[in-house]
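Okay, structure first, notes after.
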Amino acid sequence: MAFDYEYFVIGAGSGGVRSSRIASAHGAKVAIAEEYRVGGTCVVRGCVPKKLLVIGAHFAEDLEDAERYGWKIEGKSFNWPTLRDNVLADVDRLTAAYQSTLDSHKVETILGRATLAGPNRVRVDDREVTARHILVATGARPQVPDIPGAELGITSNEIFHLESLPKRAIICGAGYIANEFAGILNELGVEVTLVVRSDTLLRGWDRSLADRLMAISTEKGIQFRFNTQPEKLEKQADGSLLMHCKGGKALETDLLLWAVGRVPNSAGLGLEELGVELADNGAIPVDAASHTALPWLHAVGDVTDRLQLTPIAIREGHALADKLFGSKEWTVDHDCVPSAVFSHPPLASVGLTEAQARNQHGNVKIFTSDFRPMKSVLAGRNERCLYKLVVDGATDRLLGAHMIGPDSPEILQALAIAVKAGLTKAQVDQTVALHPSMAEELVLMR
Ligand code: NDP
Numbered sequence: 012m013a014f015d016y017e018y019f020v021i022g023a024g025s026g027g028v029r030s031s032r033i034a035s036a037h038g039a040k041v042a043i044a045e046e047y048r049v050g051g052t053c054v055v056r057g058c059v060p061k062k063l064l065v066i067g068a069h070f071a072e073d074l075e076d077a078e079r080y081g082w083k084i085e086g087k088s089f090n091w092p093t094l095r096d097n098v099l100a101d102v103d104r105l106t107a108a109y110q111s112t113l114d115s116h117k118v119e120t121i122l123g124r125a126t127l128a129g130p131n132r133v134r135v136d137d138r139e140v141t142a143r144h145i146l147v148a149t150g151a152r153p154q155v156p157d158i159p160g161a162e163l164g165i166t167s168n169e170i171f172h173l174e175s176l177p178k179r180a181i182i183c184g185a186g187y188i189a190n191e192f193a194g195i196l197n198e199l200g201v202e203v204t205l206v207v208r209s210d211t212l213l214r215g216w217d218r219s220l221a222d223r224l225m226a227i228s229t230e231k232g233i234q235f236r237f238n239t240q241p242e243k244l245e246k247q248a249d250g251s252l253l254m255h256c257k258g259g260k261a262l263e264t265d266l267l268l269w270a271v272g273r274v275p276n277s278a279g280l281g282l283e284e285l286g287v288e289l290a291d292n293g294a295i296p297v298d299a300a301s302h303t304a305l306p307w308l309h310a311v312g313d314v315t316d317r318l319q320l321t322p323i324a325i326r327e328g329h330a331l332a333d334k335l336f337g338s339k340e341w342t343v344d345h346d347c348v349p350s351a352v353f354s355h356p357p358l359a360s361v362g363l364t365e366a367q368a369r370n371q372h373g374n375v376k377i378f379t380s381d382f383r384p385m386k387s388v389l390a391g392r393n394e395r396c397l398y399k400l401v402v403d404g405a406t407d408r409l410l411g412a413h414m415i416g417p418d419s420p421e422i423l424q425a426l427a428i429a430v431k432a433g434l435t436k437a438q439v440d441q442t443v444a445l446h447p448s449m450a451e452e453l454v455l456m457r
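The sequence shown begins at 12 in my numbering and counts up one residue at a time.
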């Protein structure tokens with residue numbers, strides 16, 4: 012059967028763009044459909060603009076610390092619209108770069124919402140086309156709790172576009188997005204309260220790092236309400252919001268940010284009609300090579316809810332295109348993937364936490380370094396870094412590495428190579444320290 016396209020990709024985010032351009036480079040005729048903006052969550056309303064806000068917000072501390080280093084800065088002030096508009100302009104620059112990558116790889120871009128119209132069939136608006144293979148790479152969207160007044164809150168989609176910064180903000184959640192925006196808003200002078208349903212931040216992260224982030228965040232003025240579940244949100248006469256909580260005192264705020272996880276964008280695509288059984292949260296089940304149960308249908312990235320991380324979606328999309336069109340078979344290794352929370356200060360982690368290692372290996376050695384970086388000492392900032400290495404007691408191999416402190420994501424990326432390669436603690440110790448640096452602590456833990 013002749014198809015209109017060899018490959019039709021639904022969703023021009025990180026996974027879809029990579030997969031389509033690799034397929035095209037292998038010689039396939041490829042189209043990609045996007046209903047919003049080319050670039051997807053990471054570029055348009057995620058990693059990229061968030062990281063720029065993190066950098067922008069951090070100047071608050073740097074300018075404060077600068078005085079201890081002899082800098083007198085008269086009349087310093089912060090202007091939110093300047094930061095916001097510059098960040099959004101950079102997003103425009105990047106979406107244009109993504110579009111030009113698609114164009115130069117001869118991938119046809121179709122702007123519109125695509126749905127599955129039958130086996131090997133896609134409908135975009137009123138046009139129907141056929142494709143030998145179809146990829147769903149539609150990502151995920153912020154979850155909003157099902158409570159009265161929930162729509163009065165915003166999500167990470169809207170926060171990049173605020174007209175002005177609020178005086179007070181409540182952030183509901185305790186994961187990546189909650190801690191990242193707690194840091195950004197707090198640095199920019201907003202009174203931030205994190206509302207957490209349990210008594211712990213960053214579930215799944217190494218406990219000692221999460222505890223350290225909580226201590227530092229508290230010191231910086233971020234407030235926490237633990238074991239608190241929102242019940243209802245109301246707008247008051249003065250425009251502020253009142254958050255009623257189960258069995259507790261209501262909290263007043265000017266802005267509420269939902270940061271309670273992200274759900275796969277699989278609804279309304281026509282998947283169920285084709286017999287695809289979705290997971291309870293809407294994730295599309297796929298095998299290790301990103302194939303669904305239908306031979307012509309594949310899915311990568313957040314919509315499959317394996318690891319909701321950009322570099323993972325990119326690899327999944329790349330591996331799939333290589334397999335389908337390049338006769339090169341490889342699968343993505345989802346084990347030992349580094350990730351970071353860009354809080355103030357950031358956390359970064361790879362491999363097993365101490366608790367996971369104890370459960371899986373029993374005999375585990377833990378090495379830590381708890382220190383105040385040079386820059387903070389002179390600045391009179393009482394903020395300590397914590398680095399932790401988790402080592403297999405039987406083999407001496409590194410099982411995990413966890414860090415909180417300035418630049419920890421930058422440092423951990425290099426260390427992740429050692430953990431992934433299964434190097435031993437003895438090999439780490441053989442490496443001479445690069446002095447003076449924070450990273451040298453990694454080779455000085457005894
Ligand atoms: P996370 O999964 O990181 O955190 C969700 C938080 O919301 C948890 O604290 C969770 O609590 C809480 N929660 C869940 N449901 C409810 C509810 N009904 N009521 C109250 N609290 C609730 O989600 P995020 O939205 O922060 O981020 C989504 C994903 O996106 C991340 O997991 C990550 O994969 C990715 N991401 C990565 C970033 C990075 O790499 N730097 C940055 C941002 C996002 P509990 O722990 O009790 O379940």
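Glycine residues also receive a C-beta, built at the ideal position from the N, C-alpha and C atoms.
Asked, Found
"Could you work out which residue in Leu434, Ala332, Val348 is closest to Cys146 when comparing CA atoms only?", "It is Leu, not Cys, that sits at residue 146 in the sequence shown. That would be Ala332, whose Cα lies nearest to the Cα of Leu146."
"Identify whether Ala36 lies in helix, strand or coil by the three-state DSSP scheme.", "helix"
"Give the range of the beta strand (DSSP E) segment to which Cys256 is assigned.", "252 to 256"
"Could you spell out the range, first to last residue, of the beta strand (DSSP E) harbouring Arg392?", "Premise fails: Arg392 is in no beta strand (DSSP E) and is neither H nor E."
"DSSP on Trp269, reduced to helix/strand/coil?", "strand"
"Since Ala77 is in the alpha helix (DSSP H), which residue starts that stretch and which ends it?", "58 to 77"
"Which whole-angstrom value describes the C-beta separation of Thr379 and Met456, a residue pair presumed to lie in contact below a C-beta threshold of 8 Å?", "7 Å"
"Please name the residue, chosen from Cys256, Met414, Ile323, that lies closest to Val361 on a Cα-to-Cα basis.", "Met414"
"Could you have a look at Gln110 and say whether DSSP puts it in helix, strand or coil?", "helix"
"Does the contact criterion of 3 or more C-beta pairs under 8 Å hold for the segment 132 to 147 versus the segment 80 to 90?", "no"
"On the DSSP bridge list, what partners appear for Glu245?", "Leu253"
"If contacts are defined as beta-carbon pairs under 8 Å, then Gly150 and Gly24 qualify, I think. What distance do you get, rounded to the angstrom?", "5 Å"
"Can you tell me whether Gly26 is buried or exposed, with buried defined as 16 or more other CB within 10 angstroms of its CB?", "buried"
"Over the uninterrupted beta strand (DSSP E) stretch that includes Gln371, give me the two end residues.", "Run containing Gln371: none in the beta strand (DSSP E); it sits in the alpha helix (DSSP H), 365 to 372."
"May I ask you to check if the CB of Pro349 is nearer than 7 Å to at least one heavy atom of the ligand NDP?", "no"
"Quick one, which of Glu191, Thr239, Leu397, Gly200 has its alpha-carbon nearest Thr542's?", "As displayed, the chain neither begins before 12 nor continues past 457, which places residue 542 out of reach and without an answer."
"Give a single yes or no on whether Phe353 has its beta carbon closer than 7 Å to a heavy atom of the ligand NDP.", "yes"
"Is it true that the CB of Val201 sits closer than 8 Å to the CB of Lys231?", "no"
"Indicate, with yes or no, if the ligand NDP has a heavy atom lying under 7 Å from the CB of Ala189.", "yes"
"Which term fits Gln371, buried or exposed, when burial requires 16 or more other beta carbons within 10 angstroms of its beta carbon?", "exposed"
"For the segment 397 to 416 against the segment 355 to 369, are there 3 or more C-beta pairs whose distance is under 8 Å?", "yes"
"On the criterion of 16 or more Cβ atoms from any shown chain inside 10 Å, does Leu97 qualify as buried, or is it exposed?", "The question names Leu, yet the displayed sequence has Asn at residue 97. Burial call: exposed."
"Using a Cβ-Cβ cutoff of less than 8 Å, which residues in the same chain neighbour Ile158 once the five nearest sequence positions on both sides are dropped?", "Pro241, Glu242, Lys243, Leu244"
"Would you kindly work out how many angstroms separate the C-alpha atoms of Tyr187 and Phe14, rounded to a whole number?", "42 Å"
"Would you say the beta carbon of Cys183 is closer than 7 Å to some non-hydrogen atom of the ligand NDP?", "yes"
"For Arg395 and Gln367, what's the separation of their Cα atoms in angstroms?", "25 Å"
"Does the contact criterion of 3 or more C-beta pairs under 8 Å hold for the segment 334 to 353 versus the segment 162 to 175?", "no"
"Throw me the rounded Cβ distance for the Ala261 and His255 pair, which I believe falls under 8 Å.", "5 Å"
"Alpha carbon to alpha carbon, how far is Glu191 from Asp418? Give it in angstroms, no decimals.", "14 Å"
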